[in-house]
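Participant: Keeping their order, the protein sequence lines are chains X and A. For the first sequence, position 5 (counting from the first letter as 1) is numbered 6 according to the numbering used here, and the numbering increases by one without interruption. For the second sequence, position 105 (counting from the first letter as 1) is numbered 1086 according to the numbering used here, and the numbering increases by one without interruption.
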Amino acid sequence: MSSSKISLDQLRHIAKLARLEIKPEQENYLAEQLSETAAYIDVLGELDTKNVEPTYQTNHLKNITRDDVIGESLTQSDALSQTKDAYNGYFKTQATIKK
Amino acid sequence: MELNKLTLIDAIKGIKEKKFSSTELVSDCLTKIEQLEPTLNAFVTVNKDQALEQSKNINFDKPLAGIPIAVKDNFCIKGIRTTASSKLLDKYIAQYTSTVVQKLLDAGAIVIGKTNMDAWAHGSSTETSDYGPTKNPWNPKHLPGGSSGGSAASVASDEVVTSIGSETAGSIRQPSAWCGTVGLKPSYGRVSRYGVIAMGSSMDCPGPITKTVDDAALLLSIISGHDPKDATSIPQDPWQIPTGLKDLKGIKIGLPKAYFPDQMKPAVKTAVLNACETLKKLGAEIIELDVLDPKYAIAVYTVLQRSEVSSNLARFTGIRYGEPRSAFGDEAIRRIMLGTYTLSSGYYDAYYLQAQKVRTLIIQDFDKQFQKVDAIIGPTSPTTALPLGATEGQSMFGELEDMLVEPSTLAGLPGISVPCGFGDGLPVGLQIITPQLREDLAVNIARLFESNTDYHLQHPKL
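(1) Chain A partners of Ala80 of chain X, CB-CB under 9 Å?
(2) So Arg108 of chain X contacts chain A; which residues on that side make the cut at Cβ distance below 7 Å?
(3) Locate the alpha helix (DSSP H) running through Phe1024 of chain A, then write down its first and last residues.
(4) Please give the ranges of any beta strand (DSSP E) in the region 1093-1176 of chain A, keeping only runs that are unbroken, at least 3 residues long and fully inside the region.
(5) So that I know if they touch, is there some Cβ in chain A lying closer than 7 Å to that of Leu35 of chain X?
(6) Specify the secondary structure class of Met2 of chain X as computed by DSSP and reduced to three states.
(7) Mind checking if Gln83 of chain X is an interface residue toward chain A, Cβ cutoff 7 Å exclusive?
(8) Given Asp1218 of chain A, which residues of its chain have a CB within under 7 Å of its CB, disregarding the five upstream and five downstream residues?
(9) Could you tell me the boundaries of the alpha helix (DSSP H) in which Glu1431 of chain A lies?
(10) Are there three or more Cβ pairs, one per stretch, closer than 8 Å when the region 1354-1370 of chain A is compared with the region 64-82 of chain X?
(11) In angstroms, rounded to a whole number, what distance separates the CA positions of Lys999 of chain A and Asp1087 of chain A?
(12) Could you tell me the boundaries of the beta strand (DSSP E) in which Val1399 of chain A lies?
(13) Check the Cβ of Gly1393 of chain A against every Cβ in chain X and list those closer than 7 Å, keeping chain order.
(14) Can you pull out the residues from the region 1182-1210 of chain A whose beta carbon lies closer than 7 Å to at least one beta carbon of chain X?
(15) Any idea what DSSP makes of Leu1342 of chain A, helix, strand or coil?
(16) One question on the structure: do Ala1137 of chain A and Ile1093 of chain A come within less than 7 Å of each other, judged by their Cβ atoms?
(17) At least one CB of chain A closer than 7 Å to the CB of Ala96 of chain X: is that the case?
(18) Below 8 Å on the Cβ atoms is my guess for Ile1267 of chain A versus Ile1234 of chain A; work out the distance and round it to an integer in Å.
(19) Since Ile1344 of chain A contacts Ala1392 of chain A with CB under 8 Å, what's their CB separation in whole angstroms?
(20) Just the C-alpha distance for Thr59 of chain X and Ser1183 of chain A, rounded to the nearest angstrom, thanks.
(21) On the DSSP bridge list, what partners appear for Phe1056 of chain A?
(22) Could you give the first and the last residue of the continuous alpha helix (DSSP H) run that contains Lys1250 of chain A?
(23) Taking the alpha helix (DSSP H) that Ala39 of chain X belongs to, which residues open and close that run?
(24) Can the beta-carbon of Ala1313 of chain A be found less than 7 Å from the beta-carbon of His1123 of chain A?
(25) Under a CB-based cut-off of 7 Å, is Leu9 of chain X close to chain A?
(26) Alpha carbon to alpha carbon, how far is Ile1187 of chain A from Lys100 of chain X?
(27) Could you check where the beta strand (DSSP E) with Glu1269 of chain A kicks off and where it finishes?
(28) For Tyr1436 of chain A, which residues in chain X fall below 9 Å Cβ to Cβ?
(29) Reducing DSSP to helix, strand and coil, say where Arg1062 of chain A ends up.
(30) Interface residues of chain X around Val1339 of chain A at Cβ under 7 Å?
(31) Quick test of your reading: Val1194 of chain A and Val1386 of chain A, contact by CB under 8 Å. State the CB separation rounded to the nearest angstrom.
(32) Between the region 1222-1240 of chain A and the region 1416-1434 of chain A, do at least 3 Cβ pairs fall closer than 8 Å?
(33) Straight-line CA distance for Met1245 of chain A to Ile15 of chain X?
(34) Between which two residues does the beta strand (DSSP E) harbouring Gln1412 of chain A extend?
(35) For Cys1010 of chain A, which beta-bridge partners are listed by DSSP?
Now the structure itself:
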């Protein structure tokens, strides 16, 4: 089982993956709290699970799809009603590719 | 007359028999809400004008004709503010209606307001709400539990006749235990998750929080049933209210020794052991069980819940709705961060995959126990309601408070919490867990227990 102590470098990496900005003054406290939780979940390593299948969902329904027919959906104006930044009927997002 | 004090069943009867009108019932609830909200803070939004308007036009043929109902603020209702008690969604007006609420509306119910909760349902106290904590009606210096704390407090204080909550692990049962209400958590997939702001998708489960077992059974019969909009919805007709049992003769009830941990409050233990005596008098055989240590369920739940949270909350970018991610509160940040960690490269196998395997072991353990007994009982929570501020700095608060409901949650089992006593003036809850899709048995045991005790008839003095 992995070591449960979460370093500040790890914390910053996780924050980047999660798109969260952590204020510098919160970093130590948060790393401590996460380490505390990570230490708790280390007990999972105590059990032998060599021949055990994982359970992702308890009623075991799988690959549930609907028929490929057009049904009711949100109108464009409903879909855009909650955004602060719409343009010509689209959501405006930040550019992902720099010019 | 204080019609708000009625049970759901009696309120339905009164309206149908024209003893009073829906408008009178709604008005009495609104009066009580206005009187108590400065103390309790059980609601994020009250739909006063809309509810009164709707109460004037009732179709008496419908099963919930004119019944006002409080709904947890993580259920989307088209045109109504839905915040999940997070400032990130402070101004969010839902664009569609959740299946559960649609079913309630189709049955004639009126949504009187949206109840307070732990922000994003992350917690067991309602103290992490961005709109301030809800207080426990039995003692406003104490917490109501959570995350459906607003729903439980609104019912316990008679602000409303009935309510809807949701549970991922304990969020219906634990606040019910702490507030002295009945909380019914259905089997996973029995009730549609469509339109409920997602928390832990492999466990989330809407359900009723009510004044009596019969009220809870009636609501489950209305909100359950297959929903094509939820891929994990069980393809079955709505649940049918079972015919009651005369007694519990021939029924074996398991009592896991591990459900009485060292930190348990003595009054809780006493109340639950007294409840065993009541069940024995009704004819049940009580059998002690050796079950898998709940510490493993806590660890599995912690990993799976955080992982699913980090994925579910990734969609809140502030682009299509809501505020930017900087609006997440501390608890959401903690959970997203841990979940991102347990799903990240190098840690996935040790944490996420291992947790899903241990989840299988927990399910196998329940299967083994249910070969010996028909149902399992225990305390819903190891303590009675804790004082305000108890969650401060406690990264594992919810998990330790919910340790006795997390195993059954992970296995997708139904459970019900019913009032079974008091400790220092605060309610104690008894939980009854049954095999998957056996809500009928949980409800029947709970009904008999309720009709042979009077804890549910006691009211907080506010």
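Glycine included, C-beta positions come from ideal geometry on N, C-alpha and C.
Facilitator: If we stick to the structure as given:
(1) Translated into positions along the first sequence, residue 80 of chain X becomes position 79. Within 9 Å Cβ-Cβ: Gln1076, Arg1301.
(2) Beyond the ends of chain X as shown, which are 2 and 100, falls residue 108 of chain X; an answer cannot be given.
(3) Position 43 of the second sequence, counted from the start, is the residue given in the question as residue 1024 of chain A. Careful: Phe1024 of chain A lies outside any alpha helix (DSSP H), inside the beta strand (DSSP E) at 1024-1027.
(4) 1144-1148, 1163-1166
(5) Taking the first residue of the first sequence as position 1, residue 35 of chain X is located at position 34. Yes, its Cβ sits closer than 7 Å to a Cβ of chain A.
(6) In the first sequence, residue 2 of chain X corresponds to position 1, counting from 1. For Met2 of chain X, the predicted structure reports a pLDDT of 43, less than 50, and the residue's modelled location is therefore unreliable. A value from the coordinates is still provided. Correct three-state label for Met2 of chain X: coil.
(7) For this step, residue 83 of chain X is matched to residue 82 along the first sequence. Yes - at least one Cβ of chain A is within 7 Å of the one on Gln83 of chain X.
(8) Taking the second sequence and counting its residues from 1, one reaches residue 1218 of chain A at position 237. Excluding positions up to five away in sequence, the list reads Gly1206.
(9) Counting from 1 along the second sequence, the entry for residue 1431 of chain A is found at position 450. Unbroken alpha helix (DSSP H) run through Glu1431 of chain A: 1420-1432.
(10) no
(11) Here residue 999 of chain A is taken as the residue at index 18 of the second sequence, counted from 1. Here residue 1087 of chain A is taken as the residue at index 106 of the second sequence, counted from 1. Roughly 21 Å between the two C-alpha positions.
(12) Here residue 1399 of chain A is taken as the residue at index 418 of the second sequence, counted from 1. That run of the beta strand (DSSP E) goes 1396-1404.
(13) To locate residue 1393 of chain A, count along the second sequence from 1; it is residue 412. By Cβ distance, chain X contributes Thr59, Asn60.
(14) Ser1183, Pro1209
(15) In the second sequence, the residue the question calls residue 1342 of chain A occupies position 361. Residue state, collapsed to three classes: helix.
(16) By 1-based counting over the second sequence, the position of residue 1137 of chain A is 156. By 1-based counting over the second sequence, the position of residue 1093 of chain A is 112. Contact: no.
(17) Counting from one through the first sequence, the residue named residue 96 of chain X turns up at place 95. Ala96 of chain X does not count as touching chain A.
(18) As a working mapping, residue 1267 of chain A is identified with position 286 in the second sequence. As a working mapping, residue 1234 of chain A is identified with position 253 in the second sequence. Contact flag correct, Cβ pair sits at about 5 Å.
(19) For this step, residue 1344 of chain A is matched to residue 363 along the second sequence. For this step, residue 1392 of chain A is matched to residue 411 along the second sequence. So it is a contact: roughly 5 Å between Cβ atoms.
(20) Your numbering for residue 59 of chain X matches position 58 in the first sequence. Your numbering for residue 1183 of chain A matches position 202 in the second sequence. Whole-angstrom Cα-Cα distance: 8 Å.
(21) Mapped onto the second sequence, residue 1056 of chain A falls at position 75. Beta-bridge pairing links Phe1056 of chain A to A:Val1177.
(22) Residue 1250 of chain A sits at position 269 when you count from the first residue of the second sequence. Counting along the chain, the alpha helix (DSSP H) containing Lys1250 of chain A begins and ends at 1247-1262.
(23) Locating residue 39 of chain X in the first sequence gives position 38, counting from the first residue. Its alpha helix (DSSP H) spans residues 25-42.
(24) Here residue 1313 of chain A refers to the residue found at position 332 when the second sequence is read from its first residue. Here residue 1123 of chain A refers to the residue found at position 142 when the second sequence is read from its first residue. No; because the gap between Cβ atoms is not below 7 Å, this pair is not in contact.
(25) Translated into positions along the first sequence, residue 9 of chain X becomes position 8. No, Leu9 of chain X does not count as interfacial toward chain A.
(26) Taking the second sequence and counting its residues from 1, one reaches residue 1187 of chain A at position 206. Taking the first sequence and counting its residues from 1, one reaches residue 100 of chain X at position 99. The amino acid at residue 1187 of chain A is misidentified as Ile; the sequence shows Pro. Roughly 47 Å separates the two Cα atoms.
(27) The residue you call residue 1269 of chain A lines up with position 288 of the second sequence. 1266-1270 is the extent of the beta strand (DSSP E) around Glu1269 of chain A.
(28) In the second sequence, counting from the first residue as 1, residue 1436 of chain A sits at position 455. Simply none; closest approach about 31 Å.
(29) Locating residue 1062 of chain A in the second sequence gives position 81, where the first residue counts as 1. Here Arg1062 of chain A sits in strand by DSSP.
(30) Here residue 1339 of chain A corresponds to residue number 358 of the second sequence, with the count starting at 1. What Val1339 of chain A touches in chain X: Leu45, Leu48, Thr50.
(31) Residue 1194 of chain A sits at position 213 when you count from the first residue of the second sequence. Residue 1386 of chain A sits at position 405 when you count from the first residue of the second sequence. Actually they do not touch by this definition, with Cβ atoms about 18 Å apart.
(32) yes
(33) Residue numbering aside, residue 1245 of chain A sits at position 264 when the second sequence is read from its first letter. Residue numbering aside, residue 15 of chain X sits at position 14 when the first sequence is read from its first letter. If I take the Cα positions, the gap works out to 36 Å.
(34) Taking the second sequence and counting its residues from 1, the one referred to as residue 1412 of chain A is at position 431. Its beta strand (DSSP E) spans residues 1407-1414.
(35) The residue you call residue 1010 of chain A lines up with position 29 of the second sequence. Cys1010 of chain A is not bridged to any residue.
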